[in-house]
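J.: Below you will find the structure I want to go over with you.
Number of protein chains: 2
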Amino acid sequence: MQISSRFTIAVHILTCIDTLKDEMPLNSETIAGSVGVNPVIIRNLFGKLKKAGLIIVLRGGNGGVTLAKPLSEITLLDVYRAVDSVEDGKLFHFHANPNAACPVGRNIHHVMDGRLDEIQDAMEEKMQSMTLADIVADTKRCIKDEKQRA
Amino acid sequence: MQISSRFTIAVHILTCIDTLKDEMPLNSETIAGSVGVNPVIIRNLFGKLKKAGLIIVLRGGNGGVTLAKPLSEITLLDVYRAVDSVEDGKLFHFHANPNAACPVGRNIHHVMDGRLDEIQDAMEEKMQSMTLADIVADTKRCIKDEKQRA
DNA sequence: TACTTTTGTAATAAAGATTGTTACATGGCA
DNA sequence: TGCCATGTAACAATCTTTATTACAAAAGTA
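In order, the protein sequences belong to chains H and D. Reading the first sequence from the start, the letters are residues 0 to 149 in numbering that gives the first Met the number 0. Reading the second sequence from the start, the letters are residues 0 to 149 in numbering that gives the first Met the number 0.
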């Protein structure tokens, strides 16, 4: 199955915070409007991103969300891990009951584990090489291009 | 969410075919016994692996399954793709309704798509570098070690 | 203090995928 | 004609995701 949209939504949230901070109040309601989901989904992700130290969230009038660190210090891997994109941090679901009475059944887990980790590492290293600063820079460039065309 | 156990089960199946071919009849029943799932799960995977040209499946008495090509020519990526490990071949689930009325909402998909593809490519390249011959060699070594210890 | 706004979170439901299981038709060989 | 194994349909159980309502808790303001 696919990796949860929590990940792309979280990137969307962080991009909004930096890109729209001078244009509108940044709360779960307005961001939900941009993402196209229920505000509670956003508030739950606020909780995870806050716990990971990526954002600061305040309650009450004039509350809302701000970044806790520079965009250049937030990698896609940080976001991916913050929102529990996969169960227990493991990308692959290994079948649970291989038969220990079979020579293959009792060894396959051990033989595959290292390789599955290598594959996951390759993916996570690529994620670590990309920062939110890259994403936001591209987004702002797109917006500027739109204005020029208009 | 995690990648379906169809992937690890399929690797288990192919490993059984080569490792146990002289020890027992290789049909959905015996392989299901090694994997620890219902034979119908195995038969459904037979269908996908067959369609991908990795195995040959015969019905009737003395039926069962054999490899369609050398293990060294089957990569983990081949198996991963054969069994539809992720929907539409896309690793990431992108939230479906970003708001086109928002500057971020109407650009985020385009900005992220290339990067998500890069991440997926990094993972798939690693998978392509590993063959079933590697897995089976390790498995046979484990089995030999077990016998020495006994 | 009372009011308003916004987060935090529980509870619930609907939809979708995975996995397990039974049942039976189909194909292929003796 | 039997026998055996695959192919597949049909269903159910479980789990995760996503959506939604409701309300308590916190924080600022009049």
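The beta carbon of each residue, even a glycine, is placed where N, CA and C say it ideally should be.
So the candidates are H:49, H:25, H:70 and H:29; which of them puts its Cα closest to the Cα of residue 82 of chain H?
T.: Checked all of H:49, H:25, H:70 and H:29; the closest Cα to residue 82 of chain H is H:49.
J.: Using beta carbons (cut-off 8 Å, strictly below), is residue 69 of chain D in contact with chain H?
T.: It does not: the Cβ of residue 69 of chain D has no partner Cβ on chain H nearer than 8 Å.
J.: Can you give, in chain order, each stretch of the beta strand (DSSP E) that sits fully within the segment 60-127 of chain H and has at least 3 residues?
T.: Listed in chain order, they are 63-66.
J.: Note down, in chain order, every chain H residue with its Cβ under 9 Å from the Cβ of residue 27 of chain D.
T.: Ordered by position in chain H, no residue passes the 9 Å Cβ test against residue 27 of chain D, which lies about 14 Å from the chain.
J.: Which residue from D:88, D:34 and D:20 puts its Cα closest to that of residue 62 of chain D?
T.: Out of D:88, D:34 and D:20, D:20 has the C-alpha closest to the C-alpha of residue 62 of chain D.
J.: Does residue 25 of chain D come out as helix, strand or coil in the three-state DSSP assignment?
T.: Coil.
J.: Near residue 132 of chain D, which residues of its chain fall below 6 Å by C-beta distance, leaving aside the five closest residues on each side in sequence?
T.: Within the same chain, residue 132 of chain D has close Cβ partners 70 and 71.
J.: So residue 35 of chain D and residue 94 of chain H are supposed to be a Cβ contact under 8 Å. How far apart are they, rounded?
T.: Confirmed, about 7 Å.
J.: Is the CB-CB distance between residue 16 of chain D and residue 64 of chain D below 8 Å?
T.: The answer is yes: Cβ separation under 8 Å.
J.: Listing by chain order, which chain H residues have their CB less than 8 Å from the CB of residue 9 of chain D?
T.: Near residue 9 of chain D there are no residues of chain H at all, since even the closest Cβ is about 10 Å away, more than 8 Å.
J.: With a threshold of 7 Å (Cβ to nearest heavy atom), would residue 85 of chain D be considered close to the ligand MN?
T.: Questions concerning the ligand MN fall outside what the structure shown contains, since it holds no ligand whatsoever.
J.: Does residue 18 of chain H have its Cβ less than 8 Å from a Cβ in chain D?
T.: At least one chain D Cβ lies under 8 Å of residue 18 of chain H.
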